Amino acid sequence: MNKKILLTGADGQLGQSILRESSKFPSFTFIPTDQHNLDITNPQEVSNELDKIKPDYIINTAAYTNVDGAESDYDTALTINSTAVNNLAVECKKRGIFLVHYSTDYVFSGEKKGPYYIHDKCTPLNIYGKTKWLGEQAIVSVNPNALIIRTSWIFSIFNTNFVKTMINLASKKEELSIIKDQIGQPTSAHDLASFTLNFLFQNQPTGLDTIHFSNKGICSWHEFASEIIYQSYNLHIVQKKPLINAVTSEEYPQKATRPKNSVLDISDTEARFNVNIRNWKDALNDVLILISNAKQETIDG
Numbered sequence: 033m034n035k036k037i038l039l040t041g042a043d044g045q046l047g048q049s050i051l052r053e054s055s056k057f058p059s060f061t062f063i064p065t066d067q068h069n070l071d072i073t074n075p076q077e078v079s080n081e082l083d084k085i086k087p088d089y090i091i092n093t094a095a096y097t098n099v100d101g102a103e104s105d106y107d108t109a110l111t112i113n114s115t116a117v118n119n120l121a122v123e124c125k126k127r128g129i130f131l132v133h134y135s136t137d138y139v140f141s142g143e144k145k146g147p148y149y150i151h152d153k154c155t156p157l158n159i160y161g162k163t164k165w166l167g168e169q170a171i172v173s174v175n176p177n178a179l180i181i182r183t184s185w186i187f188s189i190f191n192t193n194f195v196k197t198m199i200n201l202a203s204k205k206e207e208l209s210i211i212k213d214q215i216g217q218p219t220s221a222h223d224l225a226s227f228t229l230n231f232l233f234q235n236q237p238t239g240l241d242t243i244h245f246s247n248k249g250i251c252s253w254h255e256f257a258s259e260i261i262y263q264s265y266n267l268h269i270v271q272k273k274p275l276i277n278a279v280t281s282e283e284y285p286q287k288a289t290r291p292k293n294s295v296l297d298i299s300d301t302e303a304r305f306n307v308n309i310r311n312w313k314d315a316l317n318d319v320l321i322l323i324s325n326a327k328q329e330t331i332d333g
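For the sequence shown, my numbering puts the final residue at 333, and the numbers step up evenly by one.
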């Protein structure tokens, strides 16, 4: 039976990645929306849209993700990351719609020595993390049928992200200074999109749950950048390899304080859903091949 999925934030990295995967799921009908045709911060507009579409699922990829920008724009970050999430949760509860919502590794303080588990205490260090945590709490308070997926360090072929920024900088600079004392796990938006749609396809989801999803393998931002440049050079995406200096968080101050350790434990996700999540380096290679192919098409075209 055909199921309708209302997708919010369809113009973002994850939203576009979900739409890219959508052709593999012919039993799903996707209704993509973004801020231009659905204002999820407006509860009446959300209600009217759901009356019209009557979706079985909502996948909410809409978010305020400018970590540094949030420090001086708390109201906007809160409205998108929490108030709008509450609006969706209330309507999903009322109508029996299953909600998939994404959160972040930045809900954690980074003071823990090992990976963060689902039920570890959330004490975010910055405004972005705080508003995402408030969004999680809004869902828990309303208690619709929902899956909250915490993820980290997202990259893809779409929009602006760390991978594409490093490629861009490599073509312009002889040296880069990248932080070495913040560790986490990069996540391919394409892998996360595939996991999400397979979850909805294979299950009849009910209840409220929180899980962690990232690719396997721990690295610092410096190690991540080094691998991006190494693979990009081998794929002829960049023509030269800049010197990548490793610096501390103190040497490279940013508006928002980041956790030193935001590694998410994904073993529970693998066990419960019988999935084998691949290493971030392999996922990165796939994304870089797509970027390389797109670059070649531009040259040939």
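Glycine is no exception: its CB is placed at the ideal position from the N, C-alpha and C atoms. Small disclaimer: the values here were computed from a predicted structure and weren't measured.
Taking 8 angstroms as the cut-off, the beta carbon of I90 is found closer than this to the beta carbon of L38.
Q263 counts as buried, since no fewer than 16 other beta carbons sit within 10 angstroms of its beta carbon. When secondary structure is reduced to three states using DSSP, Y160 falls in the helix class. Looking at the DSSP output, L240 bridges to A178. Burial is judged here by how many other beta carbons sit within 10 angstroms of a residue's own beta carbon; Q286 has fewer than 16 and is exposed. Note on geometry: alpha-carbon atoms of H151 and T301 lie some 13 angstroms from one another. C-alpha of V139 to C-alpha of T197: approximately 24 angstroms in a straight line. In the same chain as K248, and ignoring 5 residues on each side of it, the C-beta atoms closer than 8 angstroms to its own belong to Q217, I298, I309, R310, N311 and W312, in chain order. In the three-state reduction of the DSSP assignment, Y106 falls in the helix class, which pools H, G and I.
Contact between the stretch 187-205 and the stretch 132-149 is absent: fewer than three C-beta pairs spanning the two stretches fall below 8 angstroms. Looking at the DSSP output, G216 sits in a beta bridge with C251. Looking at K56, S79 and G128, the one whose alpha-carbon comes closest to that of D88 is G128. Its Cα nearest to that of V122, the residue Q76 stands out among D137, Q76, A109 and K35. The beta-carbon separation of I210 and V279, rounded to 7 angstroms, stays under the 8 angstroms limit for a contact. Secondary structure of L38 (DSSP, three-state): strand. Put simply, of Q236, K36, L240 and L166 the residue whose alpha carbon is nearest the alpha carbon of A116 is L166. Collapsing the DSSP output to three states places L322 in a helix. The alpha helix (DSSP H) runs of length 4 or more contained entirely in the stretch 269-314 are, from start to end of the chain, 299-305. With a 10 Å radius around the Cβ and a threshold of 16 neighbouring Cβ atoms, P58 comes out exposed. Two segments are said to touch when three or more pairs of C-beta atoms, one from each, lie closer than 8 angstroms; by this definition the stretch 251-266 does not touch the stretch 164-180.
Inter-residue distance for V78 and T163 is about 20 angstroms (C-alpha atoms, whole angstroms). Bounds of the beta strand (DSSP E) holding P64 are F60 to P64. In the three-state reduction of the DSSP assignment, N92 falls in the strand class.
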